[in-house]
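Read through the structure below, which is laid out as structure tokens, and then see the notes.
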Amino acid sequence: MGVQKKIEHTMVSEVLQNILTSPEFASSPRVSAALQYVVEETLAGRADRIKAYTIAVDVLQKDDGFDPSSNPIVRVLAGRLREALAAFYSSPIGLDQAIVITIPKGSYVPVFSRIDNRVSPEFGGEATDAKSPQPFSRTIAIEKFEVFSLEAVTDSSGGRSDLVSTGLQFELIDKLSRFKDIVVIEVDSDNPSPSGDLMDGNPSQYSLSGKIRLSGARIIISSILRRADDNAIIWSKSFDNTFNSTDALFDIQTSIASDIAAALGQPYGTIGTRIAAVRSRLGEMDLDHYSALVDFYQFMNNKTQKQYDEVLENLVVATTEVPEFSSAWAALSLMYGLDKYNVNKETDVGKVSAKALSAAYNAINADPNNAMAYQYLAIAKFNAGDNEGFRKAARISLNLNPNDAEVLADMGSHFIQLDNSDEGKLMIEKAMHLSPAHPPWYHLSLTIYHYTRHESERAIYHAGQFAQEGSLSAYILLTASLAQANRTAEAEEVYQKLLLDRPVFAADYQRILDEWPLPGEMTKSLLTDLIKAGLQERVVTLETRGSNVTEFSRLSS
Numbered sequence: 436m437g438v439q440k441k442i443e444h445t446m447v448s449e450v451l452q453n454i455l456t457s458p459e460f461a462s463s464p465r466v467s468a469a470l471q472y473v474v475e476e477t478l479a480g481r482a483d484r485i486k487a488y489t490i491a492v493d494v495l496q497k498d499d500g501f502d503p504s505s506n507p508i509v510r511v512l513a514g515r516l517r518e519a520l521a522a523f524y525s526s527p528i529g530l531d532q533a534i535v536i537t538i539p540k541g542s543y544v545p546v547f548s549r550i551d552n553r554v555s556p557e558f559g560g561e562a563t564d565a566k567s568p569q570p571f572s573r574t575i576a577i578e579k580f581e582v583f584s585l586e587a588v589t590d591s592s593g594g595r596s597d598l599v600s601t602g603l604q605f606e607l608i609d610k611l612s613r614f615k616d617i618v619v620i621e622v623d624s625d626n627p628s629p630s631g632d633l634m635d636g637n638p639s640q641y642s643l644s645g646k647i648r649l650s651g652a653r654i655i656i657s658s659i660l661r662r663a664d665d666n667a668i669i670w671s672k673s674f675d676n677t678f679n680s681t682d683a684l685f686d687i688q689t690s691i692a693s694d695i696a697a698a699l700g701q702p703y704g705t706i707g708t709r710i711a712a713v714r715s716r717l718g719e720m721d722l723d724h725y726s727a728l729v730d731f732y733q734f735m736n737n738k739t740q741k742q743y744d745e746v747l748e749n750l751v752v753a754t755t756e757v758p759e760f761s762s763a764w765a766a767l768s769l770m771y772g773l774d775k776y777n778v779n780k781e782t783d784v785g786k787v788s789a790k791a792l793s794a795a796y797n798a799i800n801a802d803p804n805n806a807m808a809y810q811y812l813a814i815a816k817f818n819a820g821d822n823e824g825f826r827k828a829a830r831i832s833l834n835l836n837p838n839d840a841e842v843l844a845d846m847g848s849h850f851i852q853l854d855n856s857d858e859g860k861l862m863i864e865k866a867m868h869l870s871p872a873h874p875p876w877y878h879l880s881l882t883i884y885h886y887t888r889h890e891s892e893r894a895i896y897h898a899g900q901f902a903q904e905g906s907l908s909a910y911i912l913l914t915a916s917l918a919q920a921n922r923t924a925e926a927e928e929v930y931q932k933l934l935l936d937r938p939v940f941a942a943d944y945q946r947i948l949d950e951w952p953l954p955g956e957m958t959k960s961l962l963t964d965l966i967k968a969g970l971q972e973r974v975v976t977l978e979t980r981g982s983n984v985t986e987f988s989r990l991s992s
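Using the numbering used here, you'd call the opening residue of the sequence shown number 436 and step up by one each time.
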């Protein structure tokens, strides 16, 4: 095990040097220094030290009084680092690397992924000529996990082992199949088939397998996801738990299956990320309608107006040419709803709402069991002021897939905006647990939750995470939270950044805040705190609007 770890460290170090000498990094000393720092700290076992503060002090030579919550320099540097890494791995040199180094959003700790297990001819092996992977397939073969026990084999222990293996396979099939656009194939261990030939015309592109180790009251489960066409390991994770009864063992089994399904199946999970990465490497392709949905997921993680226009157009084409594509209709519904939050143009709210509802119903008609379809119907209902319709659609979506981090975060966010409930907070926290590399917007409603309770420091933390998105609402919430905490100088600084980036806000703040659905008297509180930060208040009568509006934050206008 120690030898293997040393080899992996050597490989990572070699790839790091290749990156640092590449054109993408050679011209940027700060970005290069940041990457070298976080990689070397991680390899040295000090990943827990990698924070915005330590990067600022150790890499950027800031003094000990540096405050990362008020100075975004490290977040900006991390954004440039992610862009440079993406550019490197899209280059001819980057495509040949055996290790991919990424910096997930919301963290500064690097992740090392081994994407190719082929042997290079220069090391004495034979080059493989693997088929190009099919970039948009989301078909997974679920194998029975192999069980081995340190106990003496008895009828009871052997029976327990078989129950655990069979039960875990069943739970994985159940939970992964709930994610739309993923096809799950059960592999019969007594009559296995090569994963590429499991189904005529619909081969699996991934296989999930693993080992289960039982020792007394301890169970260790190791899971591995492989790419079928070249057997490359693209994801793995281990779980170590103890149990005191058979029921507890089955509960652990269910919990682990949920975690694995969330890691692989949700839009920002391993498979979705791999699809996007492969697609970008293949360059121009024949039109594949699924690419419109992949682009939508990428847009939701990093929104710009240019991306919005392109994604909207591609989804319209996809749903026109493939009207049974339920998830594309659902995505189109949300995109229609987002158009009303472009503060730089006038929008007919009634027409936008009608189009969003129509697209959501088309998604449900195409597939009544699609959790995503009900998720975006709920949002369309919320935007139309139909709170009861929102609650009904949200419950259906959550029941269809209770382990989809995207659904949990989205519905939890709306429950907080509707009634500021603890239920919504718990949903979002569960989503964050299921999706550690979640996008910044997950923090939106947690900021609202803590701000309304005058838990200012917690609100500032979540607003700071949300501010990575760069949207208008992120600036507003961060400014107000800082002002509420009497950190006036910092609030004034953030507010000036808001005006620099969104000058329209100064003249139109009343309409913008009125159209944002917020719990209780939060709009008045925001105005009070924004005035502390420098907002020049105009004499305008506050009006209570008759309809709800949401997703204000979800479009960087």
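The beta carbon of each residue, even a glycine, is placed where N, CA and C say it ideally should be. Treat the numbers as computed from the prediction; the structure is a model and nothing was measured.
Helix, strand or coil: which one does DSSP assign to residue i?
i	result
residue 578	coil
residue 855	coil
residue 834	helix
residue 670	strand
residue 557	Any reading at residue 557 is ruled out, since the residue's pLDDT is 30, under 50, leaving its predicted position unreliable.
residue 466	helix
residue 617	coil
residue 656	strand
residue 937	coil
residue 453	helix
residue 809	helix
residue 626	Bear in mind that a pLDDT of 48 at residue 626, under 50, signals an unreliable position, so the number given afterwards is only what the model happens to contain. Coil at residue 626, not helix or strand.
residue 498	coil
residue 517	helix
residue 540	coil
residue 444	helix
residue 645	strand
residue 916	helix
residue 531	coil
residue 661	strand
residue 757	coil
residue 906	coil
Going by C-alpha distance, which of the options is nearest residue i?
i	options	result
residue 535	479, 798, 453, 468	453
residue 641	654, 843, 611, 489	611
residue 507	928, 959, 964	928
residue 905	875, 894, 605	875
residue 473	618, 488, 692, 603	488
residue 744	675, 755, 754, 731	731
residue 833	819, 785, 804, 961	804
residue 878	485, 479, 540	540
residue 542	485, 970, 831	485
residue 936	763, 725, 955, 902	902
residue 829	802, 800, 859	859
residue 926	949, 950, 970	970
residue 854	957, 930, 840	957
residue 531	602, 461, 850, 450	450
When the distance is taken between beta carbons, is residue j closer than 9 Å to residue i?
i	j	result
residue 695	residue 673	no
residue 873	residue 885	no
residue 528	residue 448	no
residue 844	residue 815	no
residue 579	residue 548	no
residue 880	residue 900	no
residue 574	residue 644	no
residue 818	residue 788	yes
residue 606	residue 693	yes
residue 993	residue 922	With the chain covering only 436 through 992, there is no way to say anything about residue 993.
residue 522	residue 459	yes
What distance in whole Å lies between the Cβ atoms of residue j and residue i, which are believed to be in contact at a cut-off of 8 Å?
i	j	result
residue 482	residue 475	Actually they are not in contact, since the Cβ atoms of residue 482 and residue 475 sit about 11 Å apart, beyond 8 Å.
residue 806	residue 836	4 Å
residue 654	residue 699	The pair is not a contact, with the Cβ atoms about 21 Å apart (cut-off 8 Å).
residue 647	residue 604	Wrong, their Cβ atoms sit about 11 Å apart, outside the cutoff.
residue 676	residue 659	Contact doesn't hold; Cβ gap of about 18 Å is too wide.
residue 913	residue 940	The pair is not a contact, with the Cβ atoms about 14 Å apart (cut-off 8 Å).
residue 863	residue 847	4 Å
residue 490	residue 516	Incorrect: roughly 10 Å between the Cβ atoms, too far for contact.
residue 997	residue 801	In this structure the chain extends from 436 to 992, so residue 997 is not present and cannot be described.
residue 492	residue 499	7 Å
Report task. Could you say if the region 864-873 and the region 943-963 meet the contact criterion of at least three C-beta pairs nearer than 8 Å? Result -> no
Requested in this report: Evaluate the contact criterion for the region 908-922 versus the region 957-973: three or more CB pairs, one atom per stretch, below 8 Å.
Outcome: Judged by pairs of C-beta atoms under 8 Å, the region 908-922 touches the region 957-973, as three or more such pairs exist.
Query raised in the report: Should the region 801-815 be regarded as contacting the region 759-768, the criterion being three or more beta carbon pairs within less than 8 Å?
Result: yes
Report task. Determine, using beta-carbon pairs with one atom in the region 509-523 and one in the region 458-474, whether at least three such pairs fall under 8 Å. Result -> yes
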